[in-house]
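Participant:
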Amino acid sequence: MEDTPRQDATLIEVANSFLANLPSEEKQNAQTEVYNLVRWLGVSRKASSITPLDIDGSAERITPSAAEVIRPLLSYIHKKGFTKVNLASHVRVKKTPSKTATMTQQISKIQSALSREGYVKMKTELTALKSQRSEVTKEIRQAAADKDFSENAPLQAARERKSHLEGRIKELELILNSAKVITEVESTLQIKIGNTVNLRDLSSGRELHYTLADPEEANPTKGIISIASPIGKALLNKQKGQTISITAPAGTFAYLIEDIQ
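Counted from 1, the sequence shown has number 122 at position 123 by numbering that gives the first Met the number 0; the numbering is strictly sequential.
1. Do the segment 17 to 34 and the segment 164 to 176 meet, that is, are 3 or more Cβ pairs less than 8 Å apart?
2. Give me the Cα-Cα distance between P71 and K83, rounded to the nearest whole angstrom.
3. Between the Cα of Q189 and those of G80, N236, Y254, spot the shortest distance and give me the residue it belongs to.
4. Given a threshold of 16 other Cβ atoms within 10 Å of its Cβ, counted over all protein chains shown, does N218 qualify as buried or as exposed?
5. Does DSSP classify Q141 as helix, strand or coil?
6. Can you list, in chain order, the residues of its chain with a C-beta nearer than 6 Å to that of A212? Leave out the 5 residues immediately preceding and following it.
7. Taking only three categories from DSSP, how would you classify N85?
8. Bridge partners for N194 per DSSP, in chain order?
9. Check whether the segment 4 to 14 and the segment 30 to 40 are in contact - that is, three or more C-beta pairs closer than 8 Å.
10. So what's Q238 in DSSP terms, helix, strand or just coil?
11. In three-state DSSP terms, what is A178?
12. Grouping DSSP H, G and I as helix and E and B as strand, with all else coil, what is A212?
13. So what does DSSP say about T251, is it helix, strand or coil?
14. If you follow the beta strand (DSSP E) that I224 is in, where does it begin and where does it stop?
15. Between the beta-carbon of L125 and the beta-carbon of I192, is there less than 8 Å?
16. Residue range of the alpha helix (DSSP H) that P63 falls in?
17. Just mark K78 as buried or exposed, buried being the case when its beta carbon has 16 or more other beta carbons within 10 Å.
18. For Q131, which of helix, strand or coil comes out of DSSP?
19. Look up D258 in the DSSP assignment and give the residues it is bridged to.
20. Mapping the DSSP letters down to three states, classify S47 as helix, strand or coil.
21. Between the Cα of H89 and the Cα atoms of I256, S130, I230, which residue gives the shortest distance?
22. Ordered along the chain, which non-local residues of its own chain (more than five positions away) have a Cβ less than 6 Å from that of L52?
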């Protein structure tokens with residue numbers, strides 16, 4: 000007999016019900032991706048509160064393999080009456096950068112501004128990583144003193160760690176050097192990164208609150224959405240009183256901008 004969750008169930012409860020109805024082998028393979036999505040959206044959220052914007056906002060984290068699990072989960076949520084539309088159609092797979100695309104090109108497409116908090120956070124991380132790189136460089140020198148390179152595991156591990164650190168350092172430097180820092184005194188007549196926006200869903204009347212952030216700061220579970228997400232792109236440079244539309248396979252969703260903070 001199929002396990003059916005109650006109508007006021009939380010997302011984690013519905014997810015557990017979904018998994019319980021899967022064959023054992025499928026359940027084992029699906030658990031990780033299902034729980035990753037649940038944690039991202041909010042474990043204690045009501046399943047009925049999930050919106051197309053929530054799924055659009057998670058696009059940067061969904062891999063092709065994860066999509067194969069998440070779409071059936073969202074279809075299950077719709078089938079059980081928690082959502083008016085099937086949110087499975089809103090699942091977008093994370094795009095893999097082409098081999099010819101440079102890191103600079105990838106960042107420039109999405110990075111134009113940072114909040115003061117985000118800027119300070121990245122600067123702090125950059126300083127810490129550079130310090131770690133210095134330590135790893137010392138480890139490499141010490142490991143290299145062992146002339147038997149064929150089985151020098153510490154040397155190989157240190158080199159791999161340094162490569163990882165240098166990649167992240169380069170990424171942070173590119174972002175910090177090209178980004179504009181948005182301060183609180185800048186005008187809020189138009190929506191910019193760092194603004195909190197109050198929206199009204201014109202179909203349901205539901206009120207929504209989102210803060211725009213760069214992709215590094217985005218956290219949909221706290222209402223912080225990326226400027227690279229569909230809703231983030233639609234909101235940028237808009238003004239109070241304007242209406243935005245988000246087109247998705249399930250239809251077009253309209254939202255009124257009620258306030259900008």
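Yeah, the Cβ is synthetic: ideal placement off N, Cα and C, and Gly gets one too.
Facilitator: Quick answer:
1. In short, these stretches do not touch, since the Cβ pair count stays below three.
2. Within the sequence shown, the letter at position 72 stands for residue 71. Within the sequence shown, the letter at position 84 stands for residue 83. Rounded to whole angstroms, P71 and K83 show a C-alpha spacing of 16 Å.
3. What you label residue 189 is simply residue 190 of the sequence shown in a count that begins at 1. It is N236.
4. Within the sequence shown, numbered from 1, the residue matching residue 218 stands at position 219. An exposed status is given to N218, since fewer than 16 other beta-carbon atoms sit within 10 Å of its beta-carbon.
5. Along the sequence shown, read from residue 1 onward, the residue named residue 141 stands at position 142. The answer is helix: DSSP assigns Q141 an H, G or I state.
6. Here the question's residue 212 lines up with position 213 in the sequence shown. These residues qualify, in order along the chain: I223.
7. Residue mapping note: residue 85 aligns to position 86 of the sequence shown, counting from 1. Assigned with DSSP and collapsed to three states, N85 falls in coil, not helix or strand.
8. Residue 194 sits at position 195 when you count from the first residue of the sequence shown. According to DSSP, N194 shares a beta bridge with no other residue.
9. Because the criterion of three Cβ pairs below 8 Å is met, the segment 4 to 14 and the segment 30 to 40 touch.
10. One-based indexing of the sequence shown puts residue 238 at position 239. Three-state DSSP puts Q238 in a strand.
11. As a working note, residue 178 is residue 179 in the sequence shown. A178 carries a coil assignment under DSSP once its states are collapsed to helix, strand and coil.
12. If you number the sequence shown from 1, residue 212 lands on position 213. Here A212 sits in strand by DSSP.
13. Numbered from its first residue, the sequence shown carries residue 251 at position 252. Assignment of T251 by DSSP, reduced to helix, strand and coil, places it in the strand class.
14. Within the sequence shown, the letter at position 225 stands for residue 224. Where I224 is concerned, the enclosing beta strand (DSSP E) stretches over 223 to 225.
15. Counting from 1 along the sequence shown, the entry for residue 125 is found at position 126. Counting from 1 along the sequence shown, the entry for residue 192 is found at position 193. Cβ distance not < 8 Å, so L125 and I192 don't count as in contact.
16. Here the question's residue 63 lines up with position 64 in the sequence shown. In the DSSP assignment, P63 falls within the alpha helix (DSSP H) that extends over 63 to 78.
17. Walking along the sequence shown from the start, residue 78 turns up at place 79. Answer is exposed; the Cβ neighbour count stays below 16.
18. For this step, residue 131 is matched to residue 132 along the sequence shown. Three-state DSSP puts Q131 in a helix.
19. As a first step, residue 258 must be located in the sequence shown, where it is residue number 259. Under DSSP, D258 forms a beta bridge with N197.
20. As a position in the sequence shown, residue 47 is number 48, starting the count at 1. Looking at S47 - three-state DSSP - the assignment turns out to be helix.
21. What you label residue 89 is simply residue 90 of the sequence shown in a count that begins at 1. Answer by Cα proximity: I230.
22. Here residue 52 refers to the residue found at position 53 when the sequence shown is read from its first residue. Leaving aside the five residues that flank L52 on each side, the residues in its chain whose CB is nearer than 6 Å to its CB run, in chain order, I230.
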